[in-house]
Structures are given as C-alpha cells and as structure tokens.
Amino acid sequence: MEATVRVGWHGTPFGSVFLAITARGISRIDFTSRDHPDLPLDRLRLAWPLAEFVHDQKGTLDAAAAICQPPHSTNPLRLYVPATRFQSAVWQALLQIPSGTVVSYSQLASVVGRPRASRAVGNAVGANPVACLIPCHRVIQQNGALGSYRWGSDRKQRILSWESRQCQSRAGG
C-alpha cells in the first residue's frame with residue numbers, strides 16, 4: 111500500500127480514463143463511465159484505505175498520453191502493479207504480444223507454460239489493473255471472437271482497430 115497516490119482523469123480516443131500513480135509507478139488505468147466517473151477512485155480507496163489520494167491532472171497526463179502513443183515507444187513507463195506470481199507471468203507475456211496482433215487465451219496459456227490453464231489465464235488477463243499499457247485487449251477467444259473486456263467489447267474493437275491502423279501506417283501501407 112502506498113502513502114500518497116496521485117490521481118487524474120483524462121480523455122483518450124477510446125474514452126475517459128482514471129489514472130493512479132504512486133512513487134513506485136502507475137498502479138491503475140481504468141476507463142470510466144459518464145454515469146460513474148469516480149467509481150475507480152472509490153474502489154481504489156477501499157483497496158488502499160490508508161493512502162492519501164491527491165488530485166494531480168498534470169502529474170498523470172504523461173501516463174494518459176502513453177495510452178495513445180505508437181506501440182514500442184522509446185519512453186517506457188514504470189508500472190507498479192502488485193500481482194500473484196501467475197498474474198505477473200501472464201502480464202509479462204501480454205507485454206510481448208506485438209501491437210496489431212492478437213492471441214487466444216489458449217495460446218497465451220501455452221506461452222506461460224500452463225497449456226491447460228486457459229480459464230486461469232483469462233482470470234489473470236481480466237485482473238489487469240492498467241488498461242492498454244498491459245495489453246489485455248490483444249487476447250481473443252480461440253474461435254476468433256473478441257470475447258469479453260472489462261471496459262466493453264466495443265472499446266476493445268476500437269483499440270485493436272487503432273493499433274492495426276498504426277502498424278499499417280508505420281509499414282507504409
């Protein structure tokens with residue numbers, strides 16, 4: 111648990127996001143709804159009841175901008191995302207999926223050395239606390255369907271389409 115957490119809300123092409131940053135790094139990026147923009151902060155306050163939350167739009171802006179940076183940016187951001195060993199392995203594997211591509215839950219399970227653990231991999235993917243920076247949106251069902259996404263299937267499709275266009279424009283196509 112962190113003593114001070116800087117928080118901010120920012121717009122992105124994919125919707126408004128809530129960000130939480132500790133001295134150790136970015137700990138939360140959640141897409142917000144118009145009806146309940148403070149819900150991610152309320153949940154974080156419950157998880158970290160002793161933390162001091164400081165509203166800091168300027169201090170969270172770079173992290174918000176990174177969501178829409180071209181993939182493989184030369185300026186990596188520091189993350190602080192406490193996790194189980196298994197979640198950490200899954201999230202590290204997610205970071206290796208190239209932008210503009212997708213993998214299935216079963217493929218990801220094989221990558222982390224647990225080929226029969228697709229459901230557990232799905233749970234770890236769904237527990238990702240930093241939308242887009244750990245690219246859980248790049249995981250789809252084995253049949254090619256998008257599957258679920260905590261922040262909505264439409265948003266998942268928009269992010270994947272944007273990444274695909276970015277890769278095509280870099281390739282000159």
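Residue numbers (my numbering): 111 to 283.
Where is the CB? At the ideal position from N, CA and C, for every residue including glycine.
Remember, it's a predicted structure, so these values are computed and weren't measured experimentally.
By Cβ distance, which residues of its chain are closer than 6 Å to Gln-252, with the 5 residues on each side in sequence left out? One-based indexing of the sequence shown puts residue 252 at position 142. Around Gln-252: Ser-214, Ser-216.
I want to check one thing, is the minimum distance from the CB of Ile-177 to the heavy atoms of the ligand SAM below 7 Å? Annotation note on the ligand SAM: not contained in the displayed structure, which lists no ligands.
Go ahead and pull the three-state DSSP assignment for Ala-130. Locating residue 130 in the sequence shown gives position 20, where the first residue counts as 1. Of the three classes helix, strand and coil, the one that applies to Ala-130 here is strand, per DSSP.
Straight-line Cα distance separating Val-115 from Thr-194: Reading the sequence shown from its first residue, position 84 is the one you call residue 194. Reading the sequence shown from its first residue, position 5 is the one you call residue 115. So the alpha carbons of these two residues sit roughly 22 Å apart.
Any idea what DSSP makes of Arg-116, helix, strand or coil? The residue given as residue 116 occupies position 6 in the sequence shown. In the structure shown, Arg-116 sits in a strand (DSSP, three-state: E or B).
In terms of residue numbering, what span does the beta strand (DSSP E) encompassing Asp-264 cover? Within the sequence shown, residue 264 is the residue found at index 154, counting from 1. Segment 263-280 is the alpha helix (DSSP H) holding Asp-264; no beta strand (DSSP E) there.
Residue range of the alpha helix (DSSP H) that includes Val-221: Looking up residue 221 in the sequence shown gives position 111. From DSSP, the alpha helix (DSSP H) with Val-221 extends over 215-221.
Flag this pair as touching only if the segment 131-139 and the segment 237-244 have three or more C-beta atom pairs under 8 Å; answer yes or no. yes
Considering only the alpha carbon of each residue, which of Asp-264, Leu-205, Trp-119, Gln-278 lies closest to Gly-169? What you label residue 169 is simply residue 59 of the sequence shown in a count that begins at 1. Ranking the options by Cα distance to Gly-169, first place goes to Trp-119.
Kindly list the residues whose CB is nearer than 8 Å to the CB of Leu-187, restricted to its own chain and excluding five residues on each side of it in sequence; keep chain order. Along the sequence shown, read from residue 1 onward, the residue named residue 187 stands at position 77. Closer than 8 Å at Cβ, skipping near neighbours: Gly-135, Ile-136, Asp-172, Ala-173, Ala-176, Leu-243.
Classification of Leu-149 by the beta-carbon crowding that lies within 10 angstroms, buried from 16 upward: For the purposes of this step, residue 149 is identified with residue 39 of the sequence shown, where counting begins at 1. By the neighbour-count rule (16 or more Cβ atoms within 10 Å), Leu-149 is not buried but exposed.
Would you say Ala-199 and Val-222 are within 8 Å of each other, going by their C-beta atoms? Here residue 199 refers to the residue found at position 89 when the sequence shown is read from its first residue. Here residue 222 refers to the residue found at position 112 when the sequence shown is read from its first residue. Against a cut-off of 8 Å, the Cβ pair of Val-222 and Ala-199 comes out as a contact.
Under the three-state reduction of DSSP, which class applies to Gly-121: helix, strand or coil? The residue you call residue 121 lines up with position 11 of the sequence shown. Residue state, collapsed to three classes: strand.
According to DSSP, simplified to helix, strand and coil, what is Arg-229? As a working mapping, residue 229 is identified with position 119 in the sequence shown. The answer is helix: DSSP assigns Arg-229 an H, G or I state.
Based on Cα-Cα distance, which residue from Trp-261, His-247, Ala-281, Arg-260 lies nearest to Ser-271? Within the sequence shown, the letter at position 161 stands for residue 271. Cα-wise, what sits closest to Ser-271 is His-247.
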